[in-house]
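Notes for the one structure printed next.
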Amino acid sequence: MNGLLTTFLSFTKNINMKKLFLSISFLLASIEILNAQFLVKNSIFQATGVSNQGLVVGYEVQAGPYKIWNPDSSTTVDIGGLAPGMGIGGQAHFSDSGNYISGTSYGVLGAEMSRYSVANQVWNPVGSLGFPVDSTVSAGFGISGDGKTIVGLSWADTTGGQAYAHAAAYNVTEGFMDLGSLYDSISRSTRANAASADGSVVVGWQDFNGPWKSAVWRKNPNGGYFPNEYLLIDTNGVATDEFNQLGECSVVSANGNWIGGYGDYANNGSPWIWSRATGVINLGVLPNAS
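Residues 5 to 294 in the numbering used here are what the sequence shown spells out, letter by letter.
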């Protein structure tokens with residue numbers, strides 16, 4: 005009987021300790037939530053990226069300079085470069101360390117895909133295919149987590165009065181790389197939007213018939229990247245069927261296994277995530293969303 009009582013008391017003590025631990029954990033989590041703040045910048049600011057340190061990069065004026073906003077100190081620093089608008093493309097994003105930023109700045113031939121060094125406070129143009137259109141040749145839209153790869157697009161041809169673009173990537177080892185298009189013969193564009201942590205997987209869009217569809221480029225061990233591939237809703241279906249192709253890719257996980265993007269008519273407008281293991285997972289749409 006005493007043995008049973010001892011066992012019961014020990015069991016009860018363990019349960020109480022677990023309850024105490026859970027209560028403390030919940031209290032600490034609640035305190036963290038209470039410490040969180042919703043901060044509003046008093047002036048117009050188009051935020052495009054946030055660092056792991058809590059800094060926000062964006063711009064106030066189209067084609068104006070990029071700026072870094074520190075919400076904690078309510079300070080804004082002008083870092084130069086060329087924000088999107090007025091014929092200029094690009095988007096500012098931080099590397100994981102916060103030491104580098106993707107975007108666009110002036111190069112020899114005009115607005116050019118670039119990488120900003122926070123430490124050196126300088127934009128470095130990284131290249132183009134050499135075809136200027138309205139004083140712009142290329143634009144940076146994303147950066148790898150390690151900060152070594154910049155992705156975006158470059159004007160690919162302007163002959164015959166018809167301009168189209170190719171997705172492009174730059175890394176410190178191989179330099180500027182043309183990622184191509186599946187439909188060069190009919191002047192259809194591509195763009196790279198994001199890269200995995202080491203730059204081995206690049207995602208973006210491929211144009212063919214108007215809507216931008218998913219495009220994934222994977223690193224070729226021999227250099228450069230393999231031609232882009234679509235992500236399919238039904239992997240056993242036809243790859244060239246637009247109703248079987250997911251929409252534009254906007255993000256890729258650090259390890260390159262997960263890709264996310266925009267919905268379109270092929271999946272009832274639902275944003276989605278995808279991996280080789282799961283296939284497409286539709287995330288659904290908000291009620292009454294238009």
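Just so you know, even glycine gets a beta-carbon here, dropped at the ideal spot from N, CA and C.
With DSSP as the reference, label Gly288 as helix, strand or coil.
For the purposes of this step, residue 288 is identified with residue 284 of the sequence shown, where counting begins at 1. Correct three-state label for Gly288: coil.
Closer than 8 Å is the cut-off here; do at least three beta carbon pairs connect the stretch 90 to 104 with the stretch 129 to 136?
no
Beta-carbon within less than 6 Å of Gly283's beta-carbon, same chain only, minus the 5 sequence neighbours each way: which residues are those?
To locate residue 283, count along the sequence shown from 1; it is residue 279. No residues qualify anywhere along the chain.
Just how far apart, CA to CA, sit Gly203 and Thr153?
If you number the sequence shown from 1, residue 203 lands on position 199. If you number the sequence shown from 1, residue 153 lands on position 149. Whole-angstrom Cα-Cα distance: 6 Å.
Which partner residues of Thr244 appear in the DSSP bridge assignment?
By one-based count along the sequence shown, residue 244 stands at place 240. Paired residue(s): none; Thr244 is not in a bridge.
Can you list, in chain order, the residues of its chain whose CB lies under 8 Å from that of Arg280, leaving out five sequence neighbours each side?
Looking up residue 280 in the sequence shown gives position 276. Around Arg280: Asn261.
Check whether the stretch 157 to 167 touches the stretch 213 to 222, counting contact only when three or more Cβ pairs, one atom from each stretch, lie closer than 8 Å.
no
Apply the 10 Å Cβ neighbour rule to Gly149 and answer buried if 16 or more other Cβ atoms are within range, or exposed otherwise.
Here residue 149 refers to the residue found at position 145 of the sequence shown. Answer is buried; the Cβ neighbour count reaches 16.
For Trp276, which of helix, strand or coil comes out of DSSP?
Here residue 276 refers to the residue found at position 272 of the sequence shown. Here Trp276 sits in strand by DSSP.
Every unbroken beta strand (DSSP E) within the stretch 145 to 228, with a cutoff of 3 residues, ordered by chain:
153 to 161, 168 to 175, 179 to 184, 194 to 199, 205 to 210 and 217 to 222
From Pro75 to Ile190, what does the alpha carbon distance come to, in whole angstroms?
If you number the sequence shown from 1, residue 75 lands on position 71. If you number the sequence shown from 1, residue 190 lands on position 186. One C-alpha to the other measures close to 47 Å.
Ordered along the chain, which non-local residues of its own chain (more than five positions away) have a Cβ less than 6 Å from that of Met90?
To locate residue 90, count along the sequence shown from 1; it is residue 86. If we look at Met90 and ignore the five residues flanking it on each side, its Cβ neighbours are Gln66 and Ala67.
Look up Asn128 in the DSSP assignment and say whether it is helix, strand or coil.
The sequence position of residue 128 within the sequence shown is 124, counting from 1. Residue state, collapsed to three classes: strand.
Below 8 Å CB to CB, which residues in the same chain sit around Ser200 once its five sequence neighbours on both sides are set aside?
The residue labelled residue 200 in the question sits at position 196 within the sequence shown. Ser148, Gly149, Val206, Val256, Ser257, Ala258, Asn259 and Gly260, listed in sequence order.
Helix, strand or coil: which one does DSSP assign to Ala115?
As a working mapping, residue 115 is identified with position 111 in the sequence shown. Ala115: strand per DSSP, three-state reduction.
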